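Undergrad: Structure provided below as structure tokens; questions to follow.
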Ligand code: FAD
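Numbering (full-length UniProt numbering), first residue to last: 10 to 406.
Pasting the structure below:
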């Protein structure tokens, strides 16, 4: 009886377990997770769960009927790969195949650790701590105008909180999008009644206040830090598993780590993308859905028949009443093409490389996203004039 042990019971871990059964794995499946809660979905945490519109977001998976041995409250602490043994807070666990799916952890704001009233938003427990602050319409300061900061600000405004977002860069989403695109998103904050302070570096966080480098003191009931996340892979230090500088497990195009019989998937893993010609570390939900299918296929069928992983990355964000979707990867693009007015309610921006669509961002235009994603997969050349006409379906461009 061969045994697959999956570490981390988030989206990627759960999907790996389910995909293994779907693809015919007959052996044992152990799914170990550190958190005490039944496995749950994270995107609702910054949306419905935060607003108390949903009690929880547990996955609707019947683990028992799939013969998946789910063990919660177990932390992986180390790996003795030579012996095929995982070390955990409950003792050693032998494996034949190990899947690392430990996700990511929020990056801490230096100097804010342990200060009362400072929060992050990653887990159900984080959301439950924040929910009463929103319900009580308290004053909140979010540090970081990234995806999490924008979604948190959206929910807090909807709840009626006074919201200030401080961002060290000159615009929101500076790490994710070029200035000519994300510059148009700055006004979204004000339109929702949130205050966005750009070029605002935090000098200190004190109980009840955030102090900026220019001396501004922002009084607040709570601080929510959203300045990025880092793969939760510290426990692999010294194990022989090769980690990249960004902390991700370095995998090959089948999501295999540098060690035999050890895979990694989801927010904790980076993979070489032939499609984009670089290694990608993707911190989005769709990657934690698609990657596990590749892992399961390789475990069940073996690498000779298993598939390689080379997705067109996809994600969405719901912010300030807008549905924002992105597909592809634009770092190597050489041209930007607009469909619609970026200061209007709905628009799309396309990134091309040598005339081929490589990425797009659609705001309130889900059809553009769906059609664009297919064009990216095909590597289609775009007719620029048609593509720039928002009234022409993108698939006809
Ligand atoms: P995780 O979901 O982080 O799961 C990893 C699990 O492993 C965790 O439960 C963790 O406790 C456990 N673990 C960690 N270390 C250990 C250990 N040593 N031993 C045992 N267990 C361990 N993406 C989108 O595309 N759209 C969205 O709108 C969106 N919204 C989001 C909102 C929020 C608030 C957050 C936090 C993320 C959001 N994401 C969104 C991103 C998406 O949720 C993640 O990409 C996805 O959850 C990654 O899944 P994962 O299983 O790789 O990691």
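Even glycine gets a Cβ: it sits at the ideal position worked out from N, Cα and C.
It should be emphasised that the depicted structure is a prediction, and the values quoted were computed from it without experimental measurement.
1) In whole angstroms, what is the alpha-carbon distance linking residue 183 and residue 332?
2) Residue 18 and residue 48: beta carbons closer than 7 Å?
3) Is the number of C-beta pairs between the region 151 to 158 and the region 229 to 238 that are closer than 8 Å three or more?
4) Can you find at least 3 beta carbon pairs, one from the region 352 to 362 and one from the region 395 to 406, that sit closer than 8 Å?
5) Identify whether residue 198 lies in helix, strand or coil by the three-state DSSP scheme.
6) Tell me the DSSP secondary structure of residue 269 in three-state form.
7) I'd like the span of the beta strand (DSSP E) that includes residue 72, first residue to last.
8) Who are the near neighbours of residue 352 in its chain, counting only those whose CB is closer than 8 Å to its CB and skipping five residues on each side?
9) Alpha carbon to alpha carbon, how far is residue 138 from residue 363?
10) Which residues share a DSSP beta bridge with residue 173?
11) Measure the beta-carbon distance from residue 211 to residue 118 and round it to whole angstroms, keeping in mind my assumption that it falls under 8 Å.
12) Compute the distance between the beta-carbons of residue 344 and residue 369, then report whether it is under 7 Å.
13) Should residue 52 be counted as a contact of ligand 1 given a C-beta to heavy atom distance under 6 Å?
14) State the DSSP-derived secondary structure class of residue 353, mapped to helix, strand or coil.
15) Are the CB atoms of residue 244 and residue 85 within a distance shorter than 7 Å?
16) Using beta-carbon positions only, say whether residue 14 and residue 39 come within less than 7 Å of one another.
17) Buried or exposed for residue 129, please, with buried defined as at least 16 other CB atoms from any protein chain shown within 10 angstroms of its CB.
18) Whole angstroms is fine: what's the gap from residue 228's alpha carbon to residue 147's?
19) Quick test of the definition: if touching needs 3 or more C-beta pairs under 8 Å, does the region 167 to 181 touch the region 79 to 99?
TA: According to the structure shown:
1) The count along the chain shown starts at 1 and reaches residue 183 at position 174. The count along the chain shown starts at 1 and reaches residue 332 at position 323. One Cα belongs to residue 183, the other to residue 332, and the distance between them is close to 19 Å.
2) Against the chain shown, residue 18 aligns to sequence position 9. Against the chain shown, residue 48 aligns to sequence position 39. Going by C-beta atoms, residue 18 is nearer than 7 Å to residue 48.
3) yes
4) yes
5) Numbered from 1 along the chain shown, position 189 holds the residue referred to as residue 198. Three-state DSSP puts residue 198 in a helix.
6) Taking the first residue of the chain shown as position 1, residue 269 is located at position 260. Of the three classes helix, strand and coil, the one that applies to residue 269 here is coil, per DSSP.
7) Start at 1 with the first residue of the chain shown, and residue 72 comes out as number 63. That residue, residue 72, is in no beta strand (DSSP E); it is neither H nor E in DSSP.
8) Here residue 352 is taken as the residue at index 343 of the chain shown, counted from 1. Only 193 and 196 meet the Cβ criterion.
9) Locating residue 138 in the chain shown gives position 129, counting from the first residue. Locating residue 363 in the chain shown gives position 354, counting from the first residue. Looking at the two C-alpha atoms, the distance is approximately 49 Å.
10) Here residue 173 refers to the residue found at position 164 of the chain shown. Its beta-bridge partners are 150 and 204.
11) Working through the chain shown from its first residue, we reach residue 211 at position 202. Working through the chain shown from its first residue, we reach residue 118 at position 109. About 6 Å; that satisfies the 8 Å criterion.
12) Taking the first residue of the chain shown as 1, we reach residue 344 at position 335. Taking the first residue of the chain shown as 1, we reach residue 369 at position 360. Between residue 344 and residue 369, the CB-CB gap reaches or exceeds 7 Å.
13) Your numbering for residue 52 matches position 43 in the chain shown. Yes, the beta carbon of residue 52 sits closer than 6 Å to at least one heavy atom of ligand 1.
14) Residue numbering aside, residue 353 sits at position 344 when the chain shown is read from its first letter. Three-state result, residue 353: coil.
15) Counting from one through the chain shown, the residue named residue 85 turns up at place 76. Counting from one through the chain shown, the residue named residue 244 turns up at place 235. For the pair residue 85 and residue 244, the CB atoms are nearer than the 7 Å cut-off.
16) By 1-based counting over the chain shown, the position of residue 14 is 5. By 1-based counting over the chain shown, the position of residue 39 is 30. Contact: yes.
17) As a working mapping, residue 129 is identified with position 120 in the chain shown. Under this definition residue 129 is a buried residue.
18) Taking the chain shown and counting its residues from 1, one reaches residue 228 at position 219. Taking the chain shown and counting its residues from 1, one reaches residue 147 at position 138. Near 11 Å, if we compare the C-alpha coordinates of residue 147 and residue 228.
19) The region 167 to 181 is not in contact with the region 79 to 99.
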